[in-house]
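Chemist:
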Amino acid sequence: MAKKKKHSTALNEIDGIDQPSSTNSSSIKKIKLKRSKLPSNKDFIEHILKGNRSYLSRAITLAESTNIKHQRKASKIITGCLPHANNSVRIGVTGVPGVGKSTFIEVFGTYLTSLGKKVAVLAVDPSSSINRGSILGDKTRMEMLVKDQNAFIRPSPSGDSLGGVAKKTREAIVLCEAAGFDTILIETVGVGQSETAVHSMVDFFLLLKLAGAGDELQGIKRGIIEMADAIVINKADGDNIKHAKLAKVEFARALHLYPLKESSWQPKVLTCSALHTTNIDQVWNIIETYVQLTKSSNYFERHRNDQNKFWLLETINQQLKGAFYSDPAIQKAFEKQLEQVNSSKITPFDAAEYLLNLYDKKSEH
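Under my numbering, the final residue of the sequence shown carries the number 508; numbering is consecutive throughout.
1) For MET344 versus ARG233, is the C-beta distance shorter than 8 Å?
2) Name the two residues that bound the continuous beta strand (DSSP E) containing LYS411.
3) If you follow the beta strand (DSSP E) that THR237 is part of, which residue opens it and which one closes it?
4) Which runs of the alpha helix (DSSP H) spanning at least 4 residues fall entirely within the region 439 to 473, listed in chain order?
5) Using the Cα positions of LEU192 and THR246, report the straight-line distance between them to the nearest angstrom.
6) Using the Cα positions of LEU418 and ALA206, report the straight-line distance between them to the nearest angstrom.
7) Would VAL317 and ILE329 be called neighbours here (beta carbons separated by less than 8 Å)?
8) Provide the residue span of the alpha helix (DSSP H) that contains LEU403, from first to last.
9) Using DSSP's beta-bridge definition, name the partner residues of THR326.
10) Using 10 angstroms around the beta-carbon of MET285, count the other beta-carbons present and answer buried if the total reaches 16, otherwise exposed.
11) Considering Cα atoms alone, identify which of LYS452, LYS216 and THR420 is closest to ALA379.
12) Do the region 391 to 399 and the region 425 to 441 touch if we need at least three Cβ pairs shorter than 8 Å?
13) Around the Cβ of THR458, are there at least 16 other Cβ atoms within 10 angstroms (buried) or fewer (exposed)?
14) Sort ALA373, ILE211, SER183 and GLY223 by Cα distance to VAL412 and report the nearest one.
15) Once you ignore the five residues that flank ALA217 on each side, which residues in its own chain have a CB closer than 6 Å to its CB?
16) Where VAL264 and GLN450 are concerned, what is the direct C-alpha to C-alpha distance, given to the nearest angstrom?
17) Under 8 Å between the Cβ atoms of LYS352 and GLY238?
18) Do ILE327 and SER231 have their CB atoms nearer than 8 Å?
19) Out of ALA202, VAL242, GLU482 and LYS479, which one is the CA nearest neighbour of THR312?
20) When we look at the beta-carbon of ARG196 and count the other beta-carbons within 10 Å, is it buried (16 or more) or exposed?
21) In terms of alpha-carbon separation, which member of ALA228, GLY259 and ALA354 lies closest to ALA322?
22) Can you check whether the CB of GLY243 is closer than 8 Å to the CB of THR331?
23) Suppose you measure from the CA of ASP258 to the CA of ALA494; what does that come to, to the nearest Å?
24) If you compare alpha carbons, which of LEU481, ALA472 and GLU482 is closest to LEU501?
25) Quick one: using the 10 Å Cβ neighbour count with 16 as the cut-off for buried, is SER270 buried or exposed?
26) Could you give the DSSP three-state label for ILE489: helix, strand or coil?
27) Strictly by DSSP, which residues pair up with ALA379?
28) Less than 8 Å between the CB atoms is what I'm expecting for LEU225 and GLY252, so what's the real figure, rounded?
29) Considering only residues of the same chain and omitting the five flanking positions on each side of TRP454, which have a CB-CB separation below 8 Å?
30) Looking only at its chain, what residues have a beta carbon closer than 7 Å to the beta carbon of ILE188, apart from the 5 residues adjacent to it on each side?
31) Beta-carbon within less than 8 Å of CYS415's beta-carbon, same chain only, minus the 5 sequence neighbours each way: which residues are those?
32) When you measure from the CB of VAL317 to every non-hydrogen atom of the ligand COA, does any distance come out below 7 Å?
33) Check LEU418 in the structure and name its three-state DSSP category.
Printed below as a string of structure tokens:
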């Protein structure tokens with residue numbers, strides 16, 4: 144009688160593969176140490192000035208870090224880059240979600256690089272108000288531009304900063320300018336007060352609108368129209384062309400109701416289709432005309448000086464606010480004052496005055 148053939152099963156154990164002798168723990172430790180060690184400030188500055196994107200990205204990451212050591216290092220790097228900055232045109236691009244900001248920026252940025260421009264896109268993504276998570280999907284949305292050798296895309300989570308704009312966007316602008324990028328595009332979240340914050344850090348403010356979305360009249364009422372240097376009706380293609388032309392007329396009429404800007408610039412309105420790259424060149428022509436006008440009248444430089452003053456004051460306000468609320472004595476007193484306010488024993492204004500006086504007394508000592 145023939146012997147039954149023994150079948151192997153998944154339960155049978157086999158010997159594992161021996162690790163090569165060349166791999167050892169000491170070499171792994173050396174690799175980890177090398178990765179964790181940051182380059183010197185001098186190395187950072189030198190490589191950024193040469194346009195090294197890896198060093199540029201790492202410097203922006205340091206600036207965005209909440210680690211005190213990283214912030215100090217980033218500050219020294221930014222200071223070293225300052226003399227080589229301020230040689231760009233800064234353009235803010237805003238609009239409600241769904242207006243096509245990412246598509247427009249990709250097509251517009253690609254057009255600019257075809258003209259020989261070096262374009263940096265600082266895109267601020269919405270952060271979740273619950274878990275502070277951020278999508279950071281601009282690099283996947285801008286597939287063409289991300290491959291462009293003359294373009295640099297940096298998405299940053301908005302977090303809880305002013306108007307949804309990343310706190311360190313201004314530092315990122317300086318670093319990108321020092322790296323040789325002559326055109327900076329800043330995309331906003333498009334909600335809340337992000338437009339106001341971006342307006343305070345750009346030379347030209349571009350507002351994207353949609354035709355037939357029912358927000359033409361609402362848009363006219365909003366203060367954002369006063370900030371816009373140009374309104375572009377996007378998605379003016381197919382069946383939407385007629386609606387886009389009507390919207391253009393409505394916005395043009397509305398803009399004439401506002402007083403002339405301090406820059407003596409009359410905001411322009413035009414239609415475009417980022418999908419079909421229609422009128423993209425006209426958008427750039429408008430921006431170039433604006434820059435020439437404002438530079439000849441010295442408004443361009445005055446405007447940047449005003450922005451520097453604004454961000455100096457804003458930084459002081461943020462630092463004072465942070466120091467106030469992180470003070471242990473204030474935190475303890477705050478809870479007691481809040482209890483009295485809720486019990487109607489004291490007004491919120493008196494409670495605030497008490498806390499501020501308490502902080503002043505602590506500061507004196």
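Beta carbons: idealized from backbone N, C-alpha and C, even for Gly.
Modeler: Answer, in terms of the structure:
1) yes
2) 411 to 414
3) 232 to 237
4) 442 to 469
5) 30 Å
6) Taking the straight line from one Cα to the other gives about 35 Å.
7) no
8) Run containing LEU403: none; DSSP gives neither H nor E here.
9) VAL232 and VAL262
10) By the C-beta density criterion, MET285 is buried, having at least 16 other C-beta atoms within 10 angstroms.
11) Minimum Cα distance to ALA379 is reached at THR420.
12) no
13) exposed
14) ALA373
15) LEU205 and ALA206
16) 20 Å
17) yes
18) Between ILE327 and SER231, the gap from beta carbon to beta carbon is short of 8 Å.
19) Looking at the Cα atoms, ALA202 is the closest of the given residues.
20) With fewer than 16 Cβ atoms within 10 Å of its Cβ, ARG196 is classed as exposed.
21) For ALA322, the closest alpha carbon among the candidates ALA228, GLY259 and ALA354 is that of ALA228.
22) Taking 8 Å as the Cβ cut-off, THR331 and GLY243 do not qualify as a contacting pair.
23) Note that residue 258 corresponds to Leu in the displayed sequence, not to Asp. Distance between the alpha carbons of LEU258 and ALA494: 59 Å.
24) ALA472
25) Its pLDDT being 48, under 50, SER270 is placed unreliably in this model, and the value from its coordinates should be taken loosely. Its Cβ being crowded by 16 or more others within 10 Å, SER270 is buried.
26) coil
27) DSSP lists no partner for ALA379.
28) Incorrect: roughly 25 Å between the Cβ atoms, too far for contact.
29) ARG313, SER343 and MET344, listed in sequence order.
30) ILE220, GLY223 and CYS224
31) PHE247, VAL375, ILE376, ASN377, ALA379, THR421, ASN422, ILE423, GLN425 and VAL426
32) You won't find the ligand COA in this model; it holds no ligand whatsoever.
33) coil
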